[in-house]
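Have a look at the structure below before the remarks.
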Amino acid sequence: MAHSISHRTPSAQTVTDDVPDFSANFLDKDPRTSKMRSIYLQIMGKGVLMTIVAVMAVLSIYWGALWQTGNDIKNLTGFIIDFDGGAIGQTVTQTFLGVNGKPAQLTWVTVPASNFPGGESDVIDAVVQEKCWAAVAINPNASANLAKAIANADATYNGALAVTGYAAEARNENSYPLFILPNIQTPMSTAMQTFAIQNAASLATSRNVTQLISAAPSVVLQPVGFVMNNVRPFDVPVASAVDFVGLIYLLIISFIMALMNFNAREASGMNKVLRTSSLIRLRIIVPFIAYFFLSWFYSLLSLAFQVPFSRKFGHAGFVIYWAMSYLAMCALGLAIEALVTLLTPRFIPFFLITWIIVNVSVCFYPIEILPGVFKYGYASPFYNVSRTVRTIVFETRNNLGLNFGVQFAWIGISLITVTLFQLFMRRSVIRAARSNARQQKDEKEV
1 MAHSISHRTP SAQTVTDDVP DFSANFLDKD PRTSKMRSIY LQIMGKGVLM
51 TIVAVMAVLS IYWGALWQTG NDIKNLTGFI IDFDGGAIGQ TVTQTFLGVN
101 GKPAQLTWVT VPASNFPGGE SDVIDAVVQE KCWAAVAINP NASANLAKAI
151 ANADATYNGA LAVTGYAAEA RNENSYPLFI LPNIQTPMST AMQTFAIQNA
201 ASLATSRNVT QLISAAPSVV LQPVGFVMNN VRPFDVPVAS AVDFVGLIYL
251 LIISFIMALM NFNAREASGM NKVLRTSSLI RLRIIVPFIA YFFLSWFYSL
301 LSLAFQVPFS RKFGHAGFVI YWAMSYLAMC ALGLAIEALV TLLTPRFIPF
351 FLITWIIVNV SVCFYPIEIL PGVFKYGYAS PFYNVSRTVR TIVFETRNNL
401 GLNFGVQFAW IGISLITVTL FQLFMRRSVI RAARSNARQQ KDEKEV
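Under full-length UniProt numbering, the first residue of the sequence shown carries the number 1, and numbering increases by one thereafter.
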């Protein structure tokens, strides 16, 4: 009986270089894995390089804002007001004027007492209205009160009532303990020591010096002191989350919403289906609506942690804060909405880093002591939100009109750029589509 035997030839087998999914190692040498590895390393290498560039170019902005800030304290002005007109007033005034010219010292200027007819209340108003960063007032009759205490050997004499220093911590809580307070305390300590020596020398020949030392030692040993009046204390610690750190979160929320808007248009296909005018309206109107509700809940969070919004404007304070948060979200988010058109979601994070840094850099210390390039900060969204919060919560200088105006200006710029960038990209897409259509037509004809 014959048997037939069939053999499979190699030509009948399917030969492929493809590696099945989920089976390769990163360093495998097969063509498919090698190609994928090459693409992956190129993308990661370029990404690392771009991040390094961003670190050196963008983060250096923030480092520069904090670098050598102590060298420009001279840009901050302090008032010396002599209500006394006697020996104490002369000594204190000369001592403070003597420290002028040093980079790490406030610049002190003398202001006639006649400019403050209301006395202490007018001095406080000058500090609150930001006519100066600090003020030192030699109180009325300081020298006369000392002379009277010497004559009567008054044990109740309090030299600390001779001079009062004024400053507003809430104007910038970071600079107050580092720059403002030391620039009052150090010269004042020198003035106290100088006057004490002069006073002791003049009393040394007095017949009743022994009686003075035993009955009223402070008249001899500490004839002059001072008290510090922090006219606007930063007494709400949670406010740091509202006027500084929280602004970063405000921007991140705006960034998330801008990306969601982009991805929603891509996933739904509206980027291709809608007419240009309709697409532009969609890109503008939707963020305004979304930010309205997001800013409301963002503001409620601060209210839940008992930030006192009612100090200056009553219950309207919270509404003003909400309005500012809403406009700030629009100003920050619409800028991202505009640039995501050109940068795409792949590269928009690099703009986010830049947008955060340029805003944060001008909020930590007074702009006056930063390098000149940081003067842009007066027109930055973060700075104006911070100023608004300080006005509402701490009753600092009221510039709400300017603060809101800056946000409106940024919104206006972004509305223009969203429109222009979308028109540019739509025309580019249309040209590319027509070019592909002609190419396909030519290929069919051939």
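Just so it is clear, CB atoms sit at the ideal spot from N, CA and C, and this is done for glycine as well.
Residue span of the beta strand (DSSP E) that contains residue i, given as start and end
i: residue 78; result: 77-82
i: residue 228; result: 226-230
i: residue 138; result: 134-138
i: residue 167; result: 163-167
For residue j and residue i, the rounded distance between their alpha carbons
i: residue 436; j: residue 429; result: 11 Å
i: residue 127; j: residue 232; result: 9 Å
i: residue 64; j: residue 313; result: 37 Å
i: residue 334; j: residue 406; result: 14 Å
i: residue 23; j: residue 32; result: 12 Å
i: residue 188; j: residue 138; result: 11 Å
i: residue 61; j: residue 234; result: 27 Å
i: residue 27; j: residue 34; result: 8 Å
i: residue 154; j: residue 142; result: 14 Å
i: residue 266; j: residue 370; result: 43 Å
i: residue 25; j: residue 354; result: 38 Å
i: residue 168; j: residue 57; result: 35 Å
i: residue 246; j: residue 307; result: 13 Å
i: residue 69; j: residue 21; result: 57 Å
i: residue 467; j: residue 327; result: As displayed, the chain neither begins before 1 nor continues past 446, which places residue 467 out of reach and without an answer.
i: residue 16; j: residue 30; result: In this prediction, residue 16 scores a pLDDT of 45, lower than 50, which makes its location untrustworthy; the coordinate-derived value is nonetheless stated afterwards. About 11 Å.
i: residue 48; j: residue 361; result: 24 Å
i: residue 323; j: residue 358; result: 23 Å
i: residue 240; j: residue 403; result: 19 Å
i: residue 19; j: residue 40; result: 17 Å
i: residue 148; j: residue 90; result: 18 Å
i: residue 453; j: residue 237; result: Nothing can be reported for residue 453: it is not among the residues displayed for the chain, which extend from 1 to 446.
i: residue 46; j: residue 59; result: 19 Å
i: residue 366; j: residue 380; result: 14 Å
i: residue 452; j: residue 319; result: Only positions 1 to 446 of the chain appear in this structure, which leaves residue 452 out of reach.
i: residue 204; j: residue 215; result: 16 Å
i: residue 273; j: residue 178; result: 58 Å
i: residue 425; j: residue 433; result: 12 Å
i: residue 198; j: residue 121; result: 32 Å
i: residue 212; j: residue 102; result: 39 Å
i: residue 431; j: residue 268; result: 22 Å
Assumed close pair residue i, residue j - CB separation to whole angstroms, cut-off 8 Å
i: residue 95; j: residue 160; result: The pair is not a contact, with the Cβ atoms about 17 Å apart (cut-off 8 Å).
i: residue 329; j: residue 291; result: 4 Å
i: residue 309; j: residue 170; result: About 14 Å; that fails the 8 Å criterion.
i: residue 76; j: residue 337; result: The Cβ separation is near 38 Å, so there is no contact.
i: residue 284; j: residue 415; result: 6 Å
i: residue 421; j: residue 342; result: 6 Å
i: residue 73; j: residue 183; result: 7 Å
i: residue 158; j: residue 104; result: Between residue 104 and residue 158 the Cβ distance is about 32 Å, and since that is not below 8 Å, they are no contact.
Residues sharing a beta bridge with residue i, DSSP
i: residue 109; result: 79
Check whether residue i and residue j have beta carbons under 8 Å apart
i: residue 345; j: residue 226; result: no
i: residue 243; j: residue 438; result: no
i: residue 270; j: residue 282; result: yes
i: residue 350; j: residue 50; result: yes
i: residue 150; j: residue 92; result: no
i: residue 106; j: residue 133; result: yes
i: residue 332; j: residue 223; result: no
i: residue 255; j: residue 88; result: no
i: residue 163; j: residue 136; result: yes
i: residue 253; j: residue 301; result: no
i: residue 280; j: residue 373; result: no
i: residue 449; j: residue 80; result: Since the first and last residues shown for the chain are 1 and 446, residue 449 lies out of range.
i: residue 382; j: residue 174; result: no
i: residue 165; j: residue 228; result: yes
i: residue 298; j: residue 277; result: no
i: residue 78; j: residue 108; result: yes
Chain D contact for residue i (CB, 8 Å cutoff)
i: residue 326; result: In summary, chain D is missing from the structure at hand, where a single protein chain is found.
Delimiting residues of the alpha helix (DSSP H) encompassing residue i
i: residue 385; result: 381-394
i: residue 67; result: Taken as a continuous stretch (DSSP letters only), residue 67 belongs to no alpha helix (DSSP H), as it is neither H nor E.
i: residue 283; result: 276-304
i: residue 205; result: Element bounds for residue 205: n/a, residue is neither H nor E.
i: residue 54; result: 31-54
i: residue 330; result: 316-360
i: residue 309; result: Looking at the DSSP string, residue 309 is not in any alpha helix (DSSP H), and its letter there is neither H nor E.
i: residue 271; result: 270-273
i: residue 159; result: Element bounds for residue 159: n/a, residue is neither H nor E.
i: residue 27; result: Looking at the DSSP string, residue 27 is not in any alpha helix (DSSP H), and its letter there is neither H nor E.
i: residue 92; result: 87-98
i: residue 240; result: 240-243
i: residue 217; result: 217-221
i: residue 125; result: 120-128
i: residue 131; result: Premise fails: residue 131 is in no alpha helix (DSSP H) and is neither H nor E.
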